[in-house]
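What follows is a single structure, written as structure tokens, with notes after it.
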Amino acid sequence: MTITLDTTLDDLYSLDSGEPHGVISAYPHPSQPSRAMPHPFSSEYFLYGITFPNTTAPNTMQNILERGIAQRYSFIAGRAPVILFDSLPATTDAETQNNPEQPPPPAITDVLTLHAQLHPAQRPELHFPRNASAIDLPPNTQIAIIVPQDELAHLPHILPPETHYHLLSKRWLALSSLSTPTSTIIDPIIPPTPDPLAATEAEITRMLQPIQAYPTLPFVIKVSVAASGRGTFVVCSEAERSDACSRLRAILHTSFPHVTPQNAHLHPLTLILQPFVAGEAHGISFFLTQTGRAIFHAASRQRFNGQGQWCGGWVSFPAQQWLEERYAGVVLALAERLHAEGYYGPVGADVMTEENGGRHVIVDVNPRVTGSYHLGLLRGHFVGRGLVEVAVLSPLYVVGDRSGFVGRFGKEIEEGSMIVTAWVQGVDGGRSYVAVTVGGEDERRLKRLVGEVEAFVRDGEAGVGE
77 MTITLDTTLD
87 DLYSLDSGEP
97 HGVISAYPHP
107 SQPSRAMPHP
117 FSSEYFLYGI
127 TFPNTTAPNT
137 MQNILERGIA
147 QRYSFIAGRA
157 PVILFDSLPA
167 TTDAETQNNP
177 EQPPPPAITD
187 VLTLHAQLHP
197 AQRPELHFPR
207 NASAIDLPPN
217 TQIAIIVPQD
227 ELAHLPHILP
237 PETHYHLLSK
247 RWLALSSLST
257 PTSTIIDPII
267 PPTPDPLAAT
277 EAEITRMLQP
287 IQAYPTLPFV
297 IKVSVAASGR
307 GTFVVCSEAE
317 RSDACSRLRA
327 ILHTSFPHVT
337 PQNAHLHPLT
347 LILQPFVAGE
357 AHGISFFLTQ
367 TGRAIFHAAS
377 RQRFNGQGQW
387 CGGWVSFPAQ
397 QWLEERYAGV
407 VLALAERLHA
417 EGYYGPVGAD
427 VMTEENGGRH
437 VIVDVNPRVT
447 GSYHLGLLRG
457 HFVGRGLVEV
467 AVLSPLYVVG
477 DRSGFVGRFG
487 KEIEEGSMIV
497 TAWVQGVDGG
507 RSYVAVTVGG
517 EDERRLKRLV
527 GEVEAFVRDG
537 EAGVGE
């Protein structure tokens, strides 16, 4: 089965540019089973480890997660170069010279196998530098990234990293003129003091006080720099309020030592309080060209697990024309604000439609590739096969190797109702990281296939068929 995307990031960056776009995607892609050095997100300037759980953990699972993200996002890159840089080289220079024919490590084999599914004209030009310092960009090119990172700061970006960091924050959305819930912004104050421990404790107590006093339930607490539902607390009871305060106190205690006079202006520890918005929710994906034109891709329903973390999305293609018209004003307003900040590229936004009055409220903005962004780019693949309801399931943690999974779902993969959009083989028999996109002729049959995949992941065997 050869997969052909309706369009790719390479195609989209070329629109309205007037010249070769020169955009190169860059993603962390560790090749080693585990990392013996700090993860690059454990940085001195751009702080993330506090709000992205386990991003500083030097363990096998974190490396697998990073590879999975790199696979999912590079799947839609198109023919443009994609840099998958390693934070921990597989071999020394001397070893590489002594073994010039050494086969690619499993991490590279996984991504090559994934891209082999794509039409040859849409396979990215992959580069695997040893680390970020070894990235050598051609003239007149610049990188597009998921989030700013210290180790990439020496490279030209399509947007200044500080600006991108601000646009990714919940604080930027709360302060924007966009339609968004009324927000209480709690910025940390870091005064110079001879007793930093006492000052930190006093500041944390001050920051948590508005949470303890928030007058109505339910309400939402957001850590400004977070993703995929992490760092967001929906408080529906006094017990949940107490639990959120305890967890935030621990996060702030861990994080305050990393806030310095050099990065304090980025507001990495800001907390946002908002009333809970009840209503219908959609995740909207579009591409913003260099001239500010917004190209709508899809509006999907997002799936979250019991911990509130993103685990997939669901798109109904027959409803897309109506949904595009419904959210046209939201997309236009958001595109104008992001364009004014200098951004162009992929955009994802979560939008709620209020139960009372039907007002559209933007609750999250991600100026980057998102987990469900590819759904709109696969419309032709699925609809052409009569599959109009489509879902992405990610991450799945599968026991065994790829051959077992393909053996069970080979028919679906061959017929095109299932696409593996990431497969990172586990180490020493451990679980593999998997993302799949599946389609059905209607909602009932899609739910049946989703149930079979989830049963296989849970039990190692297929669910009950029709």
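Heads up, the sequence shown is in the working numbering, so the first residue is 77 and it goes up one at a time. Ideal Cβ placement from N, Cα and C applies to all residues, glycine included.
How would you label residue i, buried or exposed, when you count the other beta carbons within 10 angstroms and need 16 or more for buried?
i: residue 381; result: exposed
i: residue 128; result: Because the pLDDT at residue 128 is just 44, under 50, the model does not fix this residue reliably, and the value given afterwards should be weighed accordingly. By the neighbour-count rule (16 or more Cβ atoms within 10 Å), residue 128 is buried.
i: residue 199; result: buried
i: residue 77; result: exposed
i: residue 479; result: exposed
i: residue 487; result: exposed
i: residue 491; result: exposed
i: residue 343; result: buried
i: residue 196; result: exposed
i: residue 501; result: buried
i: residue 416; result: exposed
i: residue 497; result: buried
i: residue 511; result: buried
May I ask which residues mark the beginning and end of the alpha helix (DSSP H) holding residue i?
i: residue 283; result: 272-289
i: residue 327; result: 314-331
i: residue 509; result: Note, residue 509: premise wrong, no alpha helix (DSSP H); beta strand (DSSP E) at 508-516.
i: residue 486; result: 478-491
i: residue 527; result: 519-535
i: residue 250; result: 246-251
From residue i to residue j, what distance separates their C-alpha atoms?
i: residue 432; j: residue 438; result: 16 angstroms
i: residue 293; j: residue 299; result: 19 angstroms
i: residue 414; j: residue 155; result: 26 angstroms
i: residue 455; j: residue 278; result: 53 angstroms
i: residue 189; j: residue 372; result: 30 angstroms
i: residue 88; j: residue 453; result: 11 angstroms
i: residue 116; j: residue 520; result: Here the model assigns residue 116 a pLDDT of 40, short of 50, so the residue's position is not dependable, and the following value carries that caveat. Straight-line Cα distance between these residues: approximately 43 angstroms.
i: residue 210; j: residue 231; result: 11 angstroms
i: residue 527; j: residue 374; result: 24 angstroms
i: residue 506; j: residue 477; result: 9 angstroms
i: residue 489; j: residue 395; result: 25 angstroms
i: residue 251; j: residue 346; result: 12 angstroms
i: residue 460; j: residue 291; result: 52 angstroms
i: residue 274; j: residue 329; result: 11 angstroms
i: residue 534; j: residue 475; result: 9 angstroms
i: residue 513; j: residue 392; result: 13 angstroms
i: residue 207; j: residue 159; result: 10 angstroms
i: residue 106; j: residue 233; result: 21 angstroms
i: residue 509; j: residue 246; result: 29 angstroms
i: residue 202; j: residue 532; result: 32 angstroms
Could you name the residues of the same chain whose beta carbon sits closer than 7 angstroms to that of residue i, not counting the 5 residues immediately before and after it, in chain order?
i: residue 366; result: 92, 93 and 420
i: residue 174; result: The predicted position of residue 174 is uncertain, since its pLDDT is 49 and thus under 50; no value can be drawn from it.
i: residue 312; result: 293 and 294
i: residue 171; result: Confidence in residue 171 is poor, its pLDDT being 44 and thus under 50, which makes the residue's placement too unreliable to answer from.
Leaving out five residues before and five after residue i in sequence, what residues of the same chain have Cβ atoms less than 6 angstroms from its Cβ?
i: residue 356; result: 429
i: residue 441; result: 249 and 425
i: residue 296; result: 310, 350 and 352
i: residue 221; result: 102
i: residue 515; result: 458, 463, 466 and 493
Looking at the secondary structure, which residues open and close the beta strand (DSSP E) in which residue i lies?
i: residue 440; result: 436-442
i: residue 81; result: Where residue 81 is concerned, there is no enclosing beta strand (DSSP E), given that its DSSP letter is neither H nor E.
i: residue 473; result: 465-474
i: residue 369; result: No beta strand (DSSP E) contains residue 369, which DSSP labels as neither H nor E.
i: residue 396; result: Taken as a continuous stretch (DSSP letters only), residue 396 belongs to no beta strand (DSSP E), being part of the alpha helix (DSSP H) at 396-402.
i: residue 363; result: 355-364
i: residue 103; result: 99-104
i: residue 426; result: 421-430
i: residue 183; result: Unbroken run through residue 183 is the alpha helix (DSSP H), 182-191; no beta strand (DSSP E).
Taking the alpha carbon of residue i as the reference point, which residue from the options has its own alpha carbon closest?
i: residue 215; options: 236, 223 and 96; result: 96
i: residue 286; options: 272, 274, 265 and 260; result: 260
i: residue 341; options: 364, 265 and 281; result: 265
i: residue 302; options: 258, 208, 122 and 465; result: 122
i: residue 353; options: 337, 257 and 406; result: 257
i: residue 503; options: 473, 339 and 242; result: 473
i: residue 141; options: 483, 479 and 471; result: 471
i: residue 412; options: 386, 394, 362 and 330; result: 362
i: residue 423; options: 392, 391 and 369; result: 369
i: residue 499; options: 192, 98, 100 and 99; result: 192
i: residue 182; options: 224, 201, 139 and 219; result: 139
i: residue 79; options: 483, 219, 185 and 194; result: 194
i: residue 324; options: 307, 334, 339 and 333; result: 307
Looking only at its chain, what residues have a beta carbon closer than 8 angstroms to the beta carbon of residue i, apart from the 5 residues adjacent to it on each side?
i: residue 389; result: 359, 376, 377, 378, 379, 447, 448, 451, 467 and 468
i: residue 398; result: none
i: residue 152; result: 81, 84, 85, 445, 449, 450 and 453
i: residue 387; result: 379, 380, 381, 469, 470 and 471
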